[in-house]
Amino acid sequence: MSTTLLRAGRVICPDSGIDGTGDVLLVGGRVAAVSMKAGELSAAGAEVVD
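Residue numbers for the sequence shown follow the working numbering, beginning at 792 and rising by one.
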């Protein structure tokens with residue numbers, strides 16, 4: 792299963808009112824985690840797209 796970390800992208804969630812820069816972790820093509828704090832998500836074993 793592939794793991795990709797998207798760093799410093801624009802994250803928008805109308806339900807929660809989030810609209811800002813954040814990191815998104817994808818595992819197997821699905822969103823596994825979202826963080827609005829830079830560097831909070833681990834990049835261990837992940838392809839990092841900055």
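Cβ atoms here follow ideal geometry from the backbone N, Cα and C, with glycine treated the same way.
Asked, Found
"Assuming glycine 813 and valine 825 make a contact with CB atoms under 8 Å, what is their CB distance in whole Å?", "6 Å"
"Starting from the Cα of alanine 799, find the closest Cα among Ala829, Ser833, Ser793, Ala834 and give me that residue.", "Ala829"
"Where does alanine 829 sit, in a helix, a strand or coil, going by DSSP?", "coil"
"Return the residue from the list Glu838, Val840, Gly820, Leu816 that minimises the CA-CA distance to glutamate 831.", "Leu816"
"What span of residues does the beta strand (DSSP E) with alanine 835 cover, start to end?", "No beta strand (DSSP E) holds alanine 835; DSSP gives it neither H nor E."
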